[in-house]
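Protein chains in written order, with this note's numbering: chain A, 11 to 681; chain B, -17 to 87; chain C, 26 to 197; chain D, 210 to 419; chain E, 3 to 402.
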Amino acid sequence: MNLSVQYLWLIPALPLLAAGIGALTPRSGKAIAAGATIGAMGLAFVLSCGALVTALKDPAAHLVANFTWFELGHSAVRLGWLLDPLTALMCVMVTFVGLLIFIFSTGYMHEDANFTRFFCFLSLFAAAMLGILIANSLLLLFISWELVGLASYLLIGFWFHKPAAAAAAKKAFITTRIGDLGFLLGMLWLSDATGSLLFYDAGKGVLETSALTALVTQTTVGGLAVSTAIGLLLFCGAAGKSGQFPLHVWLPDAMEGPTPVSALIHAATMVAAGVFLIARVYPLMSADQAIATAPLHALSVVAAIGAITALLGAVIAVAQNDIKRILAFSTVSQLGYMMLALGVGSWVAAIFHLLTHAFFKALLFLAAGSVIHAAHHEQDIRQLGGLKGPLKVTFATFAIGMMALAGVPFVFSGFWSKEAILHAAHGWNVSHLPFYAGLVAVVLTAFYMTRLVAEAFFGQARSPASEHAHESPAVMTVPLVLLAICAVLLGFLGTPYWPWLQHTLDPKFHSEPGGGGLMVTSIVLVALGIGSGWAVYGRRLRAKASAPDPIEAKVPDLFAALAARLGFDELYAATVGRLNTFLADAADVFDRYIWDGAVRLLAGLGQFTGNVTRETDENLVNGGFDATSEQLKSTAKTYSRAQTGDTHGYLMLVALGFVLLVLAVMLGGTR
Amino acid sequence: MSLSPLQLCLLFSSALFCVGLIGALSRSNTILVLLGIELMLNAANINFIAFWRFGPAPAAGTGVVFVLFSIAVAAAEAAVGLALVIAVYRHQKNIRLQEANRLKG
Amino acid sequence: MTLAFLAIAFVTVAAAAVAMALRNLIHSALLLVFNWAGIAAFYLWAGAEFVAFSQLMVYVGAVSMVVLFAVLLTQRSPQSFREQPDSISRVIGALLVGGAVLGVLFGAVLSSRLAPSAATATPTISVKELGSLLMGPHAAALLIVGVILTVTLIGAVIIASTDHAESGKDES
Amino acid sequence: MLGTGLLKGLGVTAKNFVGSYHDPERYTTIEYPEVKPKLPEAYRNFPFLVTENAMDPMGTLRCVACQICEKECPPQCIYIEKSKDKKPDASGKMQIYPAIFDIDTSVCMSCQICVEVCPFDAIKMDQVFEIATTDRYDALLLRREQLAKPNSYYQSIHPTEAAEVDGRLAADRKAAEEKAKAAAAAKAAAAKAAAAAPAAEAPKTPPPAA
Amino acid sequence: MNAAFLATLSLELLPAQLRDMVTGWLPEPWRWLVNSILAIAVILASFGLLFAYLTLAERKILGRVQNRPGPNRTGYFGLLQPFADGVKALTKEDIVPRGADHLLHFLAPVALLAFSIMTFAVLPFGRNLVAVELDAGVLYFFAAGAATELAVFMAGWASHNKYSLLAAMRALAQLISYELPLLLSFVPVIMIAGSLSTQEIVHRQSGWMFGFVPQWHVLTPWGFAGFAIFMTAALAESNRSPFDLPEAESELIAGHLTEYSGFKYALFFMAEYFGMCALCGMAVTLFLGGWQAPLPFLEFIPSYVWFATKMLTLLLGFIWVRCTFPRLRIDQLTRFAWKFLVPLALINLGTTAFWSLTSGWTGGLQIARWLVAIALVVIPFQLIGRKLSAGLGPRTYRYA
């Protein structure tokens, strides 16, 4: 079974159709909406598998199908589909994880009144996401990118009657829009510089040698190569979407949406779009590596930002109490890892981590959703506790996810993918700082995940909600189990001993030697993290929900700062927000007095001219017409006076006319 | 004076027509005006029948058919006319025809 | 024969004249109904049986109902069935114009040389022949009349409706 | 199906129509003036006064004019005047009797309270219903003579109740007789004793009242 | 009377011969006039008598249905009761309300009665017994019937009583509503018979199927449906229970008849019975084969006897219906007409067209024709009936 590239559009089209069906289904048609969505997603999954088969025939080839969207004068706007192992693997991942999450959602959202709307949005999101993946044009990618943003906005604000959800939706939308501005500028610049937006177009695409060479050789302000500048602008978009350091603030708030949404969008797929974007345009990003003298390499920025994000997310996650928030910050941290990997030159490792992360983070979120569902929408881990007993399946799967995330060696996929990244970072010859940041993040990740598990699942129940917890229905647990299996197995696709994935994605890949020592180091660090986490939280289990956190007891200031997410939100409010207000005010003043004055002056001039013309017109030109029409009007008025509205009068006139006619005929007529 | 039956009929219908005309002209009540017009219509119908009965080509039966159509149309006219009267009444609270002159020039 | 005609004509015209002169609307309407019945009698006299019965059915049975309903629906109280007298000037004008028309018509009729018809035999038309005529040469007209009646029915109901929909459904 | 109910209804009326000709159970009408309705025993309407002897109604009224009924009557339709003298009643005892006993039947509501309260079983409920008259006043005011009806009539209209009343009265009377007999015996004994008493005291003691 | 005359004297021709005996000696124009007057007199007399005894029969039957004897005091079995009623009505005070329109108040019952009697003119009472042979007899019948509405209005308006007026409007609404199904229900007959003449319609129903089944219209699917609709609408047109809303004594104090008493009331009463008789006679003519005998060997019985028998049966049916069904509410009444009877009558037109077009079918096709026609009658009845009674399920009355 394989799918040729011409029919690649079917993959996003199916969920789009399902979204249409969902939008037209009345509220009572839950089965129709869910059935259409899941069916479309299942079909898309099958098609993706077919696409993967096609792509694997020649991993090095970029199969494309381009067409002209519309023509604009001499230039034409062209779009196209692209099929290579990256696309295919991502498609398979997105459709598979999406399918499982959709199935999970039927159970999780079953009580919701707007069930059909939810599934409509989910389908829309899936369609847009798949559109990003198959795009062979930066423009198509951008369109899908914005659609993804829209769907994300709709889904975060799905419970828009909650003010927090509405605010979070707005925040996410606006924050990502800031990044997208960069993306848009980069895209326009790219289009201007190369005249095309297609990635691969038989040698004329922007990712192909001729265009890249042209881009690298031009320089712009500050001695930057054009490719660097464009790459950095594109990276702005990626940073916004993937929640990288300065723009990461929206991601934790996005957890206000329903948990399946958090799992699908804000853990597994959408946030990975940024990583995917950088991986997709990797030739462009890495083009400036050829110039050793360049003041700044785009990938260095990516690596720095990734390292900062990885560390920052991990640190903040330590002090969070909301189960979904912890996972959200862990996502931020892991996305930082991926960016780090991209930055240090190993995009294959980034994609590898992306794939494994997608599975185990989706697993963690869905398990968290199951916990929340079971505990009657209690999300605070201090209020939970003791869930190990009642939620056996959930606990088991959550533990697997946790160990995968923490990077417990050998068995779990997270270990291998993280290992690949650290390996790449270690080998980066520019700086070792990202590598060390990654190591610290490894410890912290293990630490906070241990904390989470210990608080939520061990000990005794600390609130009525967790006391009455019960296992979720099969429709929710079965996806968990499937994801858990994948979270374990997926790691074996990319071990240093059998780097299938790496070779598939990048046929030129060759593993660097000397991984053994690094592996030992990271195993020690993971053990350290888990051990310290267990020492702090596991040995003396929390007895009451209101008891202070052990770290909080030791260093309250630091904990408070972390719990407040290091004040990024406040900082933005104080700086960006205030600056924005100031600028708006300034613009207002400028507008009102300076521009307006100029405009008024012009307008006054225009008015004067107009007056002059009008006078001429009215008195000279129109005079004659006016007189004529006045005449007409007065005549008409005279005539209309005959229309007295007196029906009797009309009738009488008719009768008199008749009499006169008859008389005329009789007296003067000839017969 | 020897009048043919046809002439008698025509005189009859003329008289009826004029009675209807005078009624329609002199009364201010819209219903009565409508009735006067009905009367004129009926007078016309009488002419049709008279010419069918005493005219040169009675066999065709066209006169009768015409009267039938005329009656049907007159019924329709009465229905619409009186519906209009009711609408006018609802609007101006009386049905004096000379007051229904909103559209005058 | 002629005597019967004269009687019918006299009664009919008299009824119409009185109806147009009366101030009580209901009496006017009822007299007009009587007048229509008289016209039906004329049709009978003339041998147009079917037309006579149609006239009875449509005018006496249906139009009269519409008229009476309209009269009742447009009066505020039973006391106001008496119309205010119409302005004398208009009445005089109407009489003058009507008289002129009458004179002209009478003059025209009397002066015309309408010979006493050669066809002494009374023409008759059976219902069956009438039906064939209607369905044959005049089928198109029949259809159009049907459409007109339907449209009229709907239109009358819409014009007069909101609360008094009955007045529209009378012409059957 | 629409219409079956209508047919069923037609069937019911048809059955009634046919049945009224041959089924006396259905045809319950009584042609009244010719055929009198058979009143149920418990039917009560207007009170009457019981007399012991049909031959001498006024002489044998059970009523002793105690006026309890007059006081109890809710619409106050009874008017009684006591007699000045006494007459022997059925058992021969001397009693006051009603000189006037009127019931205004235009007021009476047949509540039966007078019957309930009468200690002498002298007033009972009648079964009359054809008492329409042409006079609104006097004809509806029933006098003692019109009200008095013999005990045999009472037995004919309310047999069960009358038997019970008669039994009770007979028992009372018997008890009274025995008491009287005993009293008489005592008297006789006393007389004997008195006779046996010293003669000197005899003129001083008056004879005990009977 | 000689023997030859006696020989020609058969029961069938008896009425005509009797008439000729009386008027035979008159010269032609006078003879026509007297004949007409005689016919009118006979009709008036016989229907007057029928009216009188119909009221008695109605009261007796109603009584029997309610397990009472009915009037039985006046004369033997109460046979003189109608005359006693008549005397009572005549001697009662004739009250005319103050402010009433005297002329119209008097004209209303007279007009009503006149129009009712006019309808008898075209009924074929026997093989040769019809007062006026009209080419458009059926049309005449219903034209005259339509005029009765005017009388009802006159009665309501002339009474100078707003309740009478309202009741008259209500009665008009009912009469107009039911006129439509009434007219539509007999159009199929005219389609099949191809004539508006009553005699012609009766003649079309002569003949026998299989030698003994009469070919009356009522014995065809469309005819049965038309008959049922006709009789239902006739009940309403003649203000009979359960459609006697215009004169509901208990609820609407007799509607437009409130201000009538004495003889005028009796006239209204009479007109109602005349109208009922006329409609029943028309139903007999249109659907029940007129004066034809129901079985071939019964043809020796004179035709007018058959007509009378059929008409009386229908009249008794009216009485039977009256004693069975409770009165309808006005909205139920009009809804029944517009939403049930009119659509059914219109569909019946289509059924009849089918019947007429397939008249050539024989053998197996004949059976198919019957089945299709029956389906065309029964299925709309079921569907529209279900819609009509939707939401009006069996009701339990708590205080009944």
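Where is the CB? At the ideal position from N, CA and C, for every residue including glycine.
In this model, D/Asn225 and E/Phe232 are separated by some 27 angstroms (Cα to Cα). The Cβ atoms of C/Val126 and A/Val669 sit closer than 8 angstroms to each other. The beta carbon of E/Leu198 falls within 8 angstroms of a beta carbon belonging to chain C, placing the residue at that interface. Taking 7 angstroms as the Cβ-Cβ cut-off, the stretch 121 to 153 of chain E approaches chain C at Leu136, Asp137, Ala138, Leu141, Tyr142, Phe144, Ala145, Ala148, Ala149, Glu151, Leu152, given in chain order. Remark: three or more beta-carbon pairs, one from each stretch, lie closer than 8 angstroms, so the stretch 91 to 110 of chain A and the stretch 60 to 73 of chain A are flagged as touching.
The straight-line gap separating the alpha-carbon atoms of E/Gly128 and E/Val204 is approximately 10 angstroms.
The Cβ-Cβ distance between E/Val67 and D/Thr222 falls below 8 angstroms. Per DSSP, reduced to three states, the secondary structure at D/Gln304 is strand. For B/Asn11, the nearest beta carbon of chain C is closer than 8 angstroms to its own beta carbon. Membership of A/Arg88 in the beta strand (DSSP E) is indicated by the continuous run 85 to 93. Within the stretch 287 to 329 of chain A, the complete alpha helix (DSSP H) segments at least 4 residues long are 292 to 295, 308 to 328, listed from N- to C-terminus. The continuous alpha helix (DSSP H) containing A/Leu612 extends over residues 606 to 625. Using a Cβ-Cβ distance cut-off of 8 angstroms, the stretch 340 to 357 of chain A and the stretch 76 to 88 of chain A are not in contact, since fewer than three pairs of beta carbons, one from each stretch, lie closer than that value.
At the C-beta level, A/Val463 and A/Ala409 come within 8 angstroms of one another. Per DSSP, reduced to three states, the secondary structure at D/Pro359 is strand. An exposed status is given to E/Trp210, since fewer than 16 other beta-carbon atoms sit within 10 Å of its beta-carbon.
Cβ proximity to chain E below 9 angstroms picks out Thr222, Ala223, Asn225, Phe226, Val227, Gly228, Ser229, Tyr230, Arg235, Tyr236, Thr237, Thr238, Glu240 from the stretch 222 to 253 of chain D. CA-CA distance, A/Ala608 to A/Asp598, rounds to 15 angstroms. With a 10 Å radius around the Cβ and a threshold of 16 neighbouring Cβ atoms, D/Met334 comes out buried. As the crow flies, the alpha-carbon of A/Ala434 is around 46 angstroms from that of A/Asn124.
Of the other Cβ atoms in all chains shown, 16 or more fall within 10 Å of the Cβ of B/Asn24; this residue is therefore buried. Beta-bridge partners assigned by DSSP to E/Trp210: E/Pro216. Residues of chain E whose Cβ lies closer than 7 angstroms to the Cβ of D/Leu219 are, in chain order, Trp322, Thr326. The three-state reading of DSSP puts E/Phe155 in helix, counting H, G and I together.
Under the three-state reduction of DSSP, A/Asn331 is assigned to coil, being neither helix nor strand. In the structure shown, D/Met267 adopts coil according to DSSP, grouped into three states. In the structure shown, the three-state DSSP call for D/Gln336 is strand. Setting aside the 5 residues that flank it on each side, B/Ser10 is surrounded in the same chain by Arg78, Leu79, Gln80, each with a C-beta closer than 7 angstroms to its C-beta; the list follows chain order. Chain-ordered, the chain B residues with CB closer than 9 angstroms to the CB of C/Leu158 read Ala42, Gly43, Thr44, Val46, Val47. Within its own chain, the residues whose Cβ lies closer than 6 angstroms to the Cβ of A/Leu143, once the five positions on either side in sequence are excluded, are Thr97, Met100, Cys101, listed in chain order. For D/Lys293, the enclosing beta strand (DSSP E) starts and ends at 287 to 297. Here A/Val565 carries a coil assignment [DSSP, helix/strand/coil]. The Cβ neighbour count for E/Pro328, taken over all protein chains shown within 10 Å, is under 16; the residue is labelled exposed.
Counting along the chain, E/Asn350 sits inside the alpha helix (DSSP H) bounded by residues 344 to 359.
Among the bridge pairs identified by DSSP, A/Ser147 is matched with A/Leu208. Listed by position along chain C, the residues whose Cβ is nearer than 9 angstroms to that of A/His658 are Arg115, Gly118, Ala119.
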